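>
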Amino acid sequence: MELKVLLRSFFHDLLFPEQKCLLCEKPIARHTTDVSHHLSQMKDICMTCKEQMEIPPFPYCHHCHKPLDHVASTKINQSSDPYLCLDCQYQSNHTIVMNRSAVLYNEFMKDSIALYKYRGKESLSIVFSRLLKLAYDQYYQNVSIDVITYVPLHPNRLQERSFNQAEQLAMGLSRMIGIPVVNSLERVKETHKQSKSGKWERFSEIENAFQVKEQIIGQIQGKTILMIDDIYTTGATLNECAKVLAHSGASKVYTLTLARA
Ligand SMILES: [Zn+2]
Ligand SMILES: [Zn+2]
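According to the numbering used here, the sequence shown is numbered sequentially starting from 367.
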């Protein structure tokens, strides 16, 4: 190739760098029509990836953000809120005020989160924190949150993985919305990695797995807390964390998770 041509392409690339998708690393085509929902604000994610991210569609459970098939058709009694899923109707002693999730835990998110958590692609935390920020803007604008906290890993798990995904996401969100993060909890009981146990066994398995760090009690007493985690499955873990926070004097605990299973 001629030197002139080489130089021209070098300066062209320097001036107009090809933007790559933060998720799949493929070049982002310019001037394409975008998806209509609020993920369109994520300019550094390609269309193909964006189209595979699903925002929990309406109607959804007011409490846990699970998409509902039919409003009201599954009420356990006349007085039940038609916008509560069956789990939330049966289990009415929630400590969590409500959960909201940025996207659904579909195959695409499963692969992306696995890449992040188990294969150490930490750069994905930028994308995921931004997804949390969009969900925060959508669902928590009118809630006055005092502090952010996150679900801790057991020290053994932390050592094996080298970072806590929930902590990274909480930090990322905190930088964008200016609400401080408090490292409030420690995991004192190890639980199974991929729990094969049923929904209700999961609740008893996780019992007493967390403790509030004594030195931070003053920072959570009387406070409204937003707790962060990557995936909401049964809600057992988040609910247990919320319980110990409430025991130590937290006023209200809301949760925001990246993906809703
Ligand atoms: Zn992509
Ligand atoms: Zn629910």
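Heads up, the beta-carbon is just placed ideally off N, CA and C, and yes, glycines get one too.
On a predicted model such as this, the values are computed, not experimentally measured, just so you know.
Would you say the beta carbon of C427 comes nearer than 7 Å to a heavy atom of ligand 1?
The answer is no for C427.
> May I ask you to report which of helix, strand or coil DSSP gives K476?
Correct three-state label for K476: helix.
> Can you list, in chain order, the residues of its chain whose CB lies under 6 Å from that of F569, leaving out five sequence neighbours each side?
The residues are A602.
> Look at E488 and F529 and say whether their C-beta atoms are less than 8 Å apart.
Cβ distance < 8 Å, so E488 and F529 count as in contact.
> So within the region 536 to 569, which uninterrupted beta strand (DSSP E) runs reach at least 3 residues, ignoring any that extend past its ends?
Those beta strand (DSSP E) runs which fall completely within the region 536 to 569 and span 3+ residues are 551 to 553.
> Per the DSSP calculation, I597 is bridged to which residue(s)?
According to DSSP, I597 bridges with A625.
> Taking the beta carbon of K565 as the centre, do at least 16 other beta carbons fall within 10 Å, making it buried, or is it exposed?
Exposed: under 16 other Cβ atoms inside 10 Å.
> Does DSSP put F424 in a helix, a strand or coil?
Three-state DSSP puts F424 in coil, outside helix and strand.
> Report the rounded CA-to-CA distance for S491 versus G538, giving the unit in angstroms.
The alpha-carbon atoms of S491 and G538 are separated by roughly 8 Å.
> Does any heavy atom of ligand 1 sit closer than 7 Å to the C-beta of K487?
Not so, every heavy atom of ligand 1 lies at least 7 Å from the Cβ.
> Taking a contact to mean a Cβ-Cβ separation below 8 Å, would you say T515 touches I462 in this structure?
Contact flag unset, no.
> Can at least three beta-carbon pairs, one atom from the region 597 to 615 and one from the region 498 to 514, be found at a separation below 8 Å?
With a cut-off of 8 Å, the region 498 to 514 and the region 597 to 615 do not count as touching, because too few Cβ pairs lie within range.
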